[in-house]
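Those sequence lines, one after another, are chains G and V. For the first sequence, position 141 matches number 144 in this note's numbering, and the numbering has no gaps at all. For the second sequence, position 88 matches number 80 in this note's numbering, and the numbering has no gaps at all. Backbone N, C-alpha and C fix where the C-beta goes; we use that ideal spot for every residue, glycine too.
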Amino acid sequence: MALSGLFLCTFLVVHLLGNLQLFQNDGGVAFNLYSAFMANNPLIKTIAYVNYAFILLHIIDGFYLAAQNRKARPQGYAKVDQSKSSSWSSRNMALLGTIILVFLIVHMKSFWFEMKFGNMPVTTIEGQSYKDMYSVVVEAFSQPWYAALYVVSMFAIGFHLYHGFASGFQSLGIRHHRYTPAIQNLGTFLFAILIPALFAAMPVYFCLKNL
Amino acid sequence: MKITLKVWRQQNGKTPGNFNTYTLPDVSEDMSFLEMFDVLNDELIRKGEDPIAFDHDCREGICGMCSMYINGRAHGPLTGTTTCQLHMRHFNDGDTIVVEPWRASAFPIIKDLMVDRSAFDRVIQAGGFISVNTGNAVDANSIPIPKEDADKAFDAAACIGCGACVATCKNASAMLFVSAKVSQLALLPQGQPERHLRVKKMVEVMDEEGFGNCTNTGACEVECPKGISLDHIARMNRDYLVSNIVD
Ligand code: HEM
Ligand code: SF4
Ligand code: FES
């Protein structure tokens, strides 16, 4: 759980940095070159398959964990008050994960599936023709419902990582009175706030632009 | 004080239970929570009814027997406190208090508020021991131990096996308890020979007993009456990983 989760966190950083090129005001040239590079570079392709494996492992492991933990307390309490002893995020990881899973399915269908198997529009950059991922993304993000789904999902990722990032280190036994608070801050400010906010900014930007 | 109690009553592990409501019109605020139950039981016995079964022993916060899940929290609303050390002045006149047993499949209900915590004993039996030479007792200070390590081991050894960590954990995980038992020996020179075997064995039995898996919510550390720290869980995770890689 921890290894797969933390791997996905590094993936998230790389994914964000690449996608920020959407904000370049060049009609999508940089983004399309980047997306062609990501789709064709053999090293990237290998890492992508490792990434798919980790996502699947994380999902299966996560649901298995949730099922086992439910079994450990077949009869629940009539009255429970955990608000003073643990964070909401930490108690709702499986719920948050399920929201992320729904998002992932929509997300992969819209972009990954289209890029691989769909009928993509084509654009020409410096005499060469490229699949025009940029216009597909812009079109998708222009729809308010699609943008709204992304924003909600980024909240889910934010809350998932608010607990998950630091939790991954604890699971691996990495805990130190000096460094653990720093890890917790990194989890909160970078992974729970900044990264989801930047991801959410993309659909919001294109949606508002289109209004 | 007038207190209304909603108490879980259950004949045994096989019959289903339910809540019974009792009203105590005259509770002293100087009573402990258990003393209030003594008064109630006394009344029930006089009326020819079945008294409420609950665990208790030392009544001074050191034995860990007094398991009660009070108003949604293990050992009630205070932190660092067992049920026997909880006094009625922390409640208000007219309060309704819900009292339930620890709930976990690894802690089957014996009767009413009493649960069977022998799963903890079996975890300890699996690895909570060290090798010593028989014969003369060794001089107490023959093995130098840094003060800091001794303090940490002592902190771990403060665990009284009450099971509040399991009771409060949303996963009914016993990691805080088991990690305290692993740590108190892993931190000392005497615990080194069995260090790897111990952590593997104790975790194995913990899983066999049907405790849930730790997801680091941290609720155990907050509700533990002895302030056992999550540091011990991290140490156990580390030792478990290392012992599985090394051996
Ligand atoms: C596909 C949907 C996902 C599902 C169903 C899911 C589910 C879960 C579950 C059930 C947990 C576990 C445990 C707990 O209660 O602490 C968990 C932990 C975690 N997740 Fe996810 N997750 C998903 C996506 C992600 C993504 C996209 C990331 C990172 C970018 C991520 C990072 C983490 C981390 C770091 C942990 C903590 C691991 C630990 O405490 O050892 N998860 N996830
Ligand atoms: S770790 Fe704390 S809560 Fe758990 S059994 Fe020991 S003393 Fe009780
Ligand atoms: S009765 Fe011993 S700790 Fe409460």
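Listed by chain order, chain V residues near residue i by CB distance under 9 Å
i             : result
residue 3/G   : Residue 3/G cannot be examined here, being either before or after the span of chain G that is shown, 4 to 214.
residue 123/G : Going along chain V, no residue has its Cβ under 9 Å from residue 123/G, so there is no contact; the nearest lies around 41 Å.
residue 185/G : Correct list: empty, because the minimum Cβ distance to chain V is about 15 Å.
residue 181/G : Within chain V, no residue comes near residue 181/G; the closest Cβ sits about 13 Å away, beyond 9 Å.
residue 195/G : Per Cβ cutoff of 9 Å: no residues; residue 195/G is ~15 Å from chain V at best.
Cβ-heavy atom distance, residue i to the ligand FES, below 6 Å
i             : result
residue 48/V  : yes
residue 74/V  : yes
residue 28/V  : no
residue 155/V : no
residue 68/V  : no
residue 65/V  : no
residue 51/V  : yes
residue 216/V : no
residue 55/V  : yes
Buried or exposed (CB count within 10 angstroms, at least 16 for buried), residue i
i             : result
residue 86/G  : exposed
residue 35/G  : buried
residue 167/G : buried
residue 184/G : exposed
residue 95/V  : buried
residue 69/G  : buried
residue 83/V  : buried
residue 137/G : buried
residue 148/G : exposed
residue 135/V : exposed
residue 38/V  : exposed
residue 226/V : buried
residue 160/V : buried
residue 79/G  : exposed
residue 237/V : exposed
residue 89/V  : buried
residue 108/G : exposed
residue 180/V : buried
residue 162/G : buried
residue 146/V : exposed
residue 94/G  : buried
residue 89/G  : buried
Distance between beta carbons of residue j and residue i, contact taken as under 8 Å
i             : j             : result
residue 33/V  : residue 173/G : 43 Å between Cβ atoms; not a contact.
residue 112/V : residue 75/V  : 17 Å between Cβ atoms; not a contact.
residue 44/G  : residue 145/G : Wrong, their Cβ atoms sit about 29 Å apart, outside the cutoff.
residue 98/V  : residue 202/V : 4 Å
residue 200/V : residue 168/V : With a Cβ gap of about 18 Å, residue 200/V and residue 168/V do not count as contacting.
residue 150/G : residue 206/G : 4 Å
residue 39/G  : residue 133/G : 5 Å
residue 231/V : residue 178/V : 6 Å
residue -4/V  : residue 7/V   : 25 Å between Cβ atoms; not a contact.
Residue i: CB within 6 Å of a non-hydrogen atom of the ligand SF4
i             : result
residue 225/V : no
residue 89/V  : no
residue 169/V : yes
residue 159/V : no
residue 172/V : yes
residue 152/V : yes
residue 58/G  : no
residue -5/V  : no
residue 220/V : yes
Proximal chain V residues relative to residue i, where beta-carbon distance stays under 7 Å
i             : result
residue 64/G  : Simply none; closest approach about 10 Å.
residue 174/G : 208, 229
8 Å Cβ cut-off: residues of chain V touching residue i
i             : result
residue 8/G   : None at all; the shortest Cβ gap to chain V is about 11 Å.
residue 72/G  : 162, 163, 164, 165, 204, 205, 207
residue 68/G  : 205, 207
residue 94/G  : 162, 209
residue 170/G : 207, 208
Residue i beta carbon near the ligand PLP (any heavy atom closer than 6 Å)
i            : result
residue 58/V : For the structure depicted, the ligand PLP is absent and the ligand set comprises only the ligand HEM, the ligand SF4 and the ligand FES.
Proximal residues of chain G, C-beta to C-beta of residue i below 7 Å
i             : result
residue 211/V : 85, 88, 89
residue 65/V  : 84
residue 223/V : 178
residue 61/V  : 80
residue 115/V : Here the premise fails: no neighbours, minimum Cβ distance about 14 Å.
residue 266/V : Only positions -7 to 239 of chain V appear in the structure, and residue 266/V is not among them; the question remains open.
residue 112/V : Per Cβ cutoff of 7 Å: no residues; residue 112/V is ~15 Å from chain G at best.
Closer than 8 Å at the beta carbon, the chain G residues around residue i
i             : result
residue 214/V : 87, 88, 89
residue 226/V : 173, 176, 177, 178
Contact set between residue i and chain G, taken where Cβ atoms lie within less than 9 Å
i             : result
residue 233/V : 175, 176
Next item on the list: Would you list, in sequence order, the uninterrupted alpha helix (DSSP H) runs of no fewer than 4 residues that lie entirely inside the segment 62 to 113 of chain G?
Entry: 91 to 94, 96 to 110
Next item on the list: Write down every uninterrupted run of the alpha helix (DSSP H) in the segment 168 to 212 of chain G whose length is 4 residues or greater and which is fully enclosed by it, in chain order.
Entry: 182 to 188
Item checked: Ordered list of beta strand (DSSP E) runs contained in the segment 169 to 194 of chain V, each at least 3 residues -> none
Next item on the list: Please list the segments of the alpha helix (DSSP H) lying wholly inside the segment 62 to 144 of chain V, counting only runs of 4 or more residues, in order along the chain.
Entry: 110 to 119
Notebook entry, point to check: What residue ranges within the segment 21 to 63 of chain G form continuous alpha helix (DSSP H) runs of no fewer than 4 residues, ordered along the chain?
Noted result: 32 to 43
Checklist line | Whole runs of the alpha helix (DSSP H) within the segment 125 to 172 of chain G, excluding any shorter than 4 residues | finding: 136 to 145
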